[in-house]
Structures are given as structure tokens and as C-alpha cells.
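Structure below.
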């Protein structure tokens, strides 16, 4: 695989599996490309909530808007240029604010394979 550059417009954003909210994800690199990680973009509509137990290690970069991630132990809020790391096995609630959010993410292993 050669070096590549991606933007949000390269991702086919689809509703995140298992939820019905205004939350979408789109991979630009995943298991189909032979790399060890999944890379993609996400979009959260205003005031959305997503609760799940992480099946992968997920690193999320906030590009626009703000997101708050809460666990039993901590709550963090991130805005543009900030990174949130969510380790595999952690139960999290991700909440967007009034302006919604756009993110980039890297997961290990591939989240589609981990969800089975």
C-alpha cells in the first residue's frame, strides 16, 4: 500500500451499527486494504448520545464541534484539534453538543471484524 491522503468527503458515511441516532461513520482504510488499523471519519448530529462497550482501541480526533466521553471513572470533553482515546473493554457514553461534531478515528483491531 502506498501513502495516501483522505478527507471527510472520501468517506461513505453510514449510520453506526446498532444505533438509530444521527451518528454516522465511514471507513477510508480497513481490513479490505490489508493494513493493521481502521481509519475513518465520523459525524455526530446535535445532541446525540451513543453508549457502548469498546470492542477495539479507538483513537478519535475531533475536527469540528465538541464531544464529551464519559465512563464510570471520568468525563472528558474535546474540541477541534483534540484527541480522545477509548481503550478496548471500556464502557463509554459519547455525547455531542449543540453544534454536533465531525471526527477522524483510528481503531485497532478493525472495528467491523471485532463487532462480528
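Numbering (the working numbering), first residue to last: 1178 to 1293.
Just so you know, even glycine gets a beta-carbon here, dropped at the ideal spot from N, CA and C.
Counting only runs of 3+ residues, the beta strand (DSSP E) found wholly inside the stretch 1231-1281 occupies 1234-1247, 1252-1255 and 1260-1263, in chain order. Distances from the CA of residue 1286 to each of 1273, 1272 and 1264 were compared; the closest alpha carbon is that of 1264.
If you ignore the 5 residues before and after residue 1242, its C-beta comes within less than 6 Å of the C-beta of 1276, 1277 and 1278, all in its own chain and listed in chain order. Contact between the stretch 1191-1201 and the stretch 1216-1226 is established, with three or more Cβ pairs separated by less than 8 Å. If you check the CB distance, residue 1205 and residue 1187 come in under 8 Å. For residue 1204, the enclosing beta strand (DSSP E) begins and ends at 1200-1206.
From the listed residues 1196, 1248, 1210 and 1281, the smallest Cα separation to residue 1180 is found for 1210.
At least 8 Å separates the beta-carbon of residue 1240 from that of residue 1271. For residue 1217, the uninterrupted beta strand (DSSP E) segment begins and ends at 1215-1221. For residue 1186, the secondary structure class from DSSP, reduced to helix, strand or coil, is helix.
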